[in-house]
Amino acid sequence: MKKIFLNFVSASALIITLFSCDKVENIYPTSTFQTDLDTTFYPGNWSDYLANEVPDFGTITASSDRNVIIEDFTGHNCSNCPQAATTAHNLHEGNPDRVFVASIHASPQGMSAFQATNNTYKTDFTNSVGLETGIYFGNLANSGFAGNPSGSVNRVKAGTATFYPAGAWSTKVSEVLASTLKVAMKSHLNYYEVTQGAYLHTEVEVLDNSLEGNLGMIVYLLEDSLVASQNVSSLHVPDYVHRDIHRKNISGQIWGRTLTPEFKDENGKYYLDYSFAIPAQLTADGTATGVINAENMHLLIYVYDKTTHEIYQVIKQKIE
Amino acid sequence: MTNKIQITMKNILTLVLAFTTVFTSFSQEDHNSNMSVKQLPSVVLKDMEGNTINTAELGFDGPIVISFWATWCSPCKRELNTIHDLYTDWQEETGVNLVAVSIDDEKTRNSVPVYVNGKGWEYLVLMDPNGDFKRAMGVNNVPHTFLIDTNGNIVYSHNNYAPGDEDHLYEEIQKLVKK
Amino acid sequence: MKKLVFLTLLCGSTFTSLGQLDRGNFSGNMETTFQYLNEDSLIGATQPPSKGLLNSYMNVFYTHGNFKAGARFESYLPRIQGYPNSFDGTGIGMRYVGYANDFIDVTLGNFYEQFGSGLSLRIYEDRALGFDNMLDGVKIKLRPYKGIAFKGVYGNQRLAFAGGKVVNSGGIVRGFDGEVHFNETFEKLADKKLDVTIGGSFVSKYQANDDPELILPENVGVYGGRILMRYQRFTLEGEYVQKGQDPSQDNGKNFNPGFATIINAGYSQKGLGILLSAKSVDNMSYRSDRNQQLQNALINYLPSMNKTHTYNLVSSLYPYATQPIGEIAFQADVLYTIPKGTAVGGKYGTTIGVNYSTAYRPMRHTSTINPLDSSGVTYTTKPFDMSDSLYWRDFNFNISKKFTKKFNMILSYYNMTLNNDVATVTKETGDIKFQTVVLEAGFKFKNKSSLRTEVQLMFVKKRDSLGQNVGFFERGTKVVDNGDWATVVLEYTINSNWFISVMDQYNYGNKDSGKRAHHPYASIGYIRGATRVTANYGRQRAGLFCVGGICRPVPASNGLTLSVTHSF
Chain A
14 MKKIFLNFVS ASALIITLFS CDKVENIYPT STFQTDLDTT FYPGNWSDYL ANEVPDFGTI
74 TASSDRNVII EDFTGHNCSN CPQAATTAHN LHEGNPDRVF VASIHASPQG MSAFQATNNT
134 YKTDFTNSVG LETGIYFGNL ANSGFAGNPS GSVNRVKAGT ATFYPAGAWS TKVSEVLAST
194 LKVAMKSHLN YYEVTQGAYL HTEVEVLDNS LEGNLGMIVY LLEDSLVASQ NVSSLHVPDY
254 VHRDIHRKNI SGQIWGRTLT PEFKDENGKY YLDYSFAIPA QLTADGTATG VINAENMHLL
314 IYVYDKTTHE IYQVIKQKIE
Chain B
5 MTNKIQITMK NILTLVLAFT TVFTSFSQED HNSNMSVKQL PSVVLKDMEG NTINTAELGF
65 DGPIVISFWA TWCSPCKREL NTIHDLYTDW QEETGVNLVA VSIDDEKTRN SVPVYVNGKG
125 WEYLVLMDPN GDFKRAMGVN NVPHTFLIDT NGNIVYSHNN YAPGDEDHLY EEIQKLVKK
Chain C
2 MKKLVFLTLL CGSTFTSLGQ LDRGNFSGNM ETTFQYLNED SLIGATQPPS KGLLNSYMNV
62 FYTHGNFKAG ARFESYLPRI QGYPNSFDGT GIGMRYVGYA NDFIDVTLGN FYEQFGSGLS
122 LRIYEDRALG FDNMLDGVKI KLRPYKGIAF KGVYGNQRLA FAGGKVVNSG GIVRGFDGEV
182 HFNETFEKLA DKKLDVTIGG SFVSKYQAND DPELILPENV GVYGGRILMR YQRFTLEGEY
242 VQKGQDPSQD NGKNFNPGFA TIINAGYSQK GLGILLSAKS VDNMSYRSDR NQQLQNALIN
302 YLPSMNKTHT YNLVSSLYPY ATQPIGEIAF QADVLYTIPK GTAVGGKYGT TIGVNYSTAY
362 RPMRHTSTIN PLDSSGVTYT TKPFDMSDSL YWRDFNFNIS KKFTKKFNMI LSYYNMTLNN
422 DVATVTKETG DIKFQTVVLE AGFKFKNKSS LRTEVQLMFV KKRDSLGQNV GFFERGTKVV
482 DNGDWATVVL EYTINSNWFI SVMDQYNYGN KDSGKRAHHP YASIGYIRGA TRVTANYGRQ
542 RAGLFCVGGI CRPVPASNGL TLSVTHSF
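Residue numbers (this note's numbering), protein chains in the order written: chain A, 14 to 333; chain B, 5 to 183; chain C, 2 to 569.
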């Protein structure tokens, strides 16, 4: 018994020494975000844009109420998901200016049978950032994200879980709507149909100073609606209306951009600008060539806490 | 709600108190039990015919082999089928009895009599569908075989089955009988 | 406080005077599994950021006369690959105290229990599956007279293990069960040929209404009865349970009642066993938290009605999981041993087993339903009211023969159909039809070592351009899912203490020639008494791990798994 025990201990010691070393070559993490705006989206001289088109946020008032974003993690081949989508949509209809929905097609393992495409369910609703987010929360212990449908309201925790079933969303929505606003946001968008490009300008004012230094911003690009196949209670419905489909993050990465002092001006407010091209719409038969239709797209911009993931404020920006 | 819990806690405390008092009065009588050997726990199970049987009162003279198995466990079936061929000889020579405890849950429980009778086993088969006896005996996975002496002490415990293990088991049974 | 002081004084004096007295029994077990995983892009295996994963448990049980107590310590740092993500941290996962004698058995704390066949209540744990729905409260069992048993349970249900602490679901579960075995209770009936047991149970759960739009029932009950009859070689048993309105995430917040019924008929004599079963279930998903899904907060147990297969291709690629919303299923199982000494039977006898199981979608009648009324009922159905929609079909047989003392063989054949739209296990649509052949042979050698080998071949039916299943070997047809597989297993037992085994699964039928991967997997084990140490290394394909009809997807992995188990 002793011999076996010693063997086991030495074997495990060997393994521990083998895997406990991560060698880091470059100590600074590389940023993949292009801080420079793509000037080609403006059909004209860039200097004209800077002179005339950049918005004056003084003329816009920020909302003083905290808005809600319901992130519904779903799949087109997931038979229980339509109920959750209906719950989210009803909550939005009940308060359309303050409650927003984002449908992210991802499972705790990223792409699963619920999101995969086949002969019946042809459209690929997934994108790499959505799948990565699903995998992150799927791996995070006790996140509550175990399958589809599941979702979060402003990533506010219920007990220890960030994700909860649709039945729990309504209480959380009421809770968030009644809470005090800690971060005020404004946004302005310049869209140019001829180049199918747009510039997004945002202003963030942190009302609660204790949050400073630990905030990030994410911009979701969502497609308003698409009529395509959906598995509803194990039956195939070909003309189901999919809403608020998450297409990409404008900042490109899963965790968006951090609100660092370089974005602050003398008033203490943050100004973050983005440029992006409008992507083609999704199609019901899954073919790659969809039409570019900016009217069927909108943005949800939110500021969140980098430690707890809680979303302090979200605003909607239409593309027009 | 807390009052109810307090009352139950008080009751448990009184119960424990009562037993320690009982033990003090009987303390002079029992000197024989061996402190380091485990005793067979008492769990109420049913046999294949639905009769209730208490594991601590199996009613056998002689040593008892308790083998945990399931219809979905191939090594368990191999072990019990191998012993089945030798069982008559074993019983004649040592008077041992084998109790095959099936941990099949409701999904496969009904296949137990089909298998046991289909194979013609002559063991006492007990049903443990919710794992109560398995838990009490500290079994991790099946097959797991124990040998119990006539005083209810567990003298041998072996996990897994490799062809030839039945010979080791028989050696242990013979040791008990020779004593 | 006064009582505690008195107690300790008494205990102290008791122990000094006990001397030689039996100090009670300690027993328990421990299990530790450690994984070190590598990245493997060919099969889609990822390396976790912590590189190493660990699950560890130890149960300690103490009994002293009629007093019992126990606890379980669990540790997930973090949990091993494929384990559900509601386990994290180190702490006490279970603890209880109790007292049991011939008349009463009471447990306070965490406990497990089952009423009848579990259709109304089954509280159990399956560590390999990561399933544990134990109740935290009180359990009382009474046996007032021989053959009569009463059980009562009351408690909160475990939902997750977060940061080393048990997290309970929001509901309260309570239940009561009674059973009478007439032939044991009444002496006059003891020798009668007809043996009858009847039982009944009532289970109820409470969860506060959290829905702003609808009035949801807060107390939902399940009640039912069962009967078991035995007459010489025949047995007949049946159980029926009925559930009240239980709108939940599982059934789309409908207010339908639910029912489940299981009937088993059997015949057995020495050398032959026959079983016929039928099951009809509708809307019987019963949880202590109506918003939970998958394997969380389940109160009852609805097993799938099919045979549990052990060979790896058959059991983990396309298994059938219970459909909690409803299904109608049938199974027939026969085992016959051709007696030894006959021509076909050979020296040791030959065993033949045949099994057939199938499941269908129940009919849902909506003609009498007005969706706009306020009843919330969305359909009507009756027990065994079948539709034509097939969920599952499985026909299999096996022949097992021991040729000599040193050589035996088992031949098995499986023909299965799985409706993947309903019991989704993979990315295909429609029915997946597949056939599997397995040949297993065992050899014993002079030096006490032995070798066991398996060859498994699985053929998945291909489809034509219209999506219809055609044959297995046609050309120009579409390969369904990953196509055909072959597995070879060699297990060499060196002696009573050591074994090594090698397995290779080869996906030779994959439509993408780059993905036709071998999945080699090697294991070494050492067993001594009640201790077992195993080390496995290799590539494991993604699959499903099912126990009793509850399936958990296990992702592909490549790496080392070390496991130590011990019982004491």
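The C-beta atom is built at its ideal place from N, Cα and C for all residues, glycine as well.
Short Cβ contact (8 Å threshold) for residue i with residue j
i	j	result
Thr-146/A	Met-124/A	no
Gly-180/A	Val-168/C	no
Ser-238/A	Val-250/A	no
Leu-314/C	Trp-486/C	yes
Tyr-337/C	Gly-124/B	no
Thr-379/C	Asn-257/C	yes
Val-81/A	Val-189/A	yes
Ser-156/A	Ala-129/A	no
Arg-288/C	Ser-249/C	yes
Glu-328/C	Val-282/C	yes
Gln-277/C	Ala-261/C	Note on residue identity: the sequence assigns Leu, not Gln, to residue 277/C. No, the Cβ-Cβ distance between Leu-277/C and Ala-261/C is not below 8 Å.
Gly-131/C	Pro-85/C	yes
Phe-68/C	Tyr-113/C	no
Arg-80/C	Leu-54/C	yes
Asp-247/C	Val-221/C	yes
Val-69/B	Val-100/B	yes
Ser-57/C	Ser-76/C	yes
Whole-number beta carbon distance between residue j and residue i, since they are thought to touch under 8 Å
i	j	result
Leu-49/B	Phe-137/B	6 Å
Asp-132/B	Pro-67/B	Contact doesn't hold; Cβ gap of about 21 Å is too wide.
Val-169/A	Leu-104/A	So it is not a contact: roughly 14 Å between Cβ atoms.
Thr-359/C	Phe-331/C	6 Å
Ile-173/C	Asn-157/C	6 Å
Leu-120/C	Val-242/C	5 Å
Ala-367/A	Met-230/A	The displayed coordinates of chain A run from 14 to 333. Any statement about residue 367/A would go beyond what the structure contains.
Ser-497/C	His-88/B	About 20 Å; that fails the 8 Å criterion.
Gly-164/A	Phe-54/A	Contact doesn't hold; Cβ gap of about 33 Å is too wide.
Asn-194/A	Leu-228/A	Note on residue identity: the sequence assigns Leu, not Asn, to residue 194/A. Contact doesn't hold; Cβ gap of about 14 Å is too wide.
Leu-295/A	Val-232/A	Leu-295/A to Val-232/A, Cβ: 19 Å. No contact.
Gly-54/B	His-182/C	6 Å
Arg-79/A	Ser-192/A	6 Å
Identified DSSP bridge partners for residue i
i	result
Cys-552/C	Cys-547/C
His-148/B	Phe-72/B, Asn-163/B
Met-410/C	Lys-402/C, Ala-442/C
Pro-363/C	Met-387/C
Arg-533/C	Ile-528/C, Thr-566/C
Arg-231/C	Asp-196/C, Thr-236/C
Val-100/B	The partner list for Val-100/B (beta bridge, DSSP) is empty, contrary to what the question assumes.
Arg-291/C	Paired residue(s): none; Arg-291/C is not in a bridge.
Could you pull out every unbroken beta strand (DSSP E) segment of at least 3 residues lying fully inside the region 445-494 of chain C, listed in chain order?
451-461, 486-494
Note down, in chain order, all residues in the region 171-182 of chain A with a beta-carbon under 9 Å from any beta-carbon belonging to chain C.
Gly-172, Thr-173, Ala-174, Tyr-177, Pro-178, Ala-179, Gly-180, Ala-181
Tell me the start and end of each unbroken alpha helix (DSSP H) in the region 110-188 of chain C that is at least 4 residues and wholly inside, in chain order.
183-186
Cβ-based contacts, 8 Å cut-off: residues of the region 51-67 of chain C near chain B
Asn-60, Phe-62, Thr-64, Gly-66, Asn-67
If you scan the region 231-268 of chain A from start to end, which runs of the beta strand (DSSP E) of 3 or more residues do you find wholly inside it?
248-262
Quick check for students: name the residue ranges of the alpha helix (DSSP H) that lie wholly in the region 143-198 of chain A, counting only runs of 4 or more.
182-191
Mind checking the region 294-311 of chain C against chain A and listing, in chain order, the residues whose C-beta falls within less than 9 Å of any C-beta there?
Gln-294, Leu-295, Gln-296, Asn-297
Give me the subset of the region 73-98 of chain A whose CB atoms are less than 9 Å from a CB atom of chain C, sorted by chain position.
Asn-90, Cys-91, Ser-92, Asn-93, Pro-95, Gln-96, Ala-97
Name, going along the chain, the residues of the region 327-356 of chain C whose beta-carbon falls closer than 9 Å to a beta-carbon of chain A.
none
Contact residues within the region 75-93 of chain C, judged by C-beta distance below 9 Å to chain A:
Tyr-77, Pro-79, Arg-80, Pro-85, Asn-86, Ser-87, Phe-88, Asp-89, Gly-90
Would you list, in chain order, the members of the region 128-144 of chain A that have their beta-carbon closer than 7 Å to a beta-carbon of chain C?
Ala-129, Asn-131, Asn-132, Thr-133
Using a Cβ-Cβ cutoff of 8 Å, what residues of the region 242-272 of chain C are near chain B? List them in chain order.
Asn-265, Gly-267, Ser-269, Gln-270, Lys-271, Gly-272
For the region 222-248 of chain A, which residues have a beta carbon sitting closer than 9 Å to at least one beta carbon of chain C?
Asn-244, Ser-246, Ser-247, Leu-248
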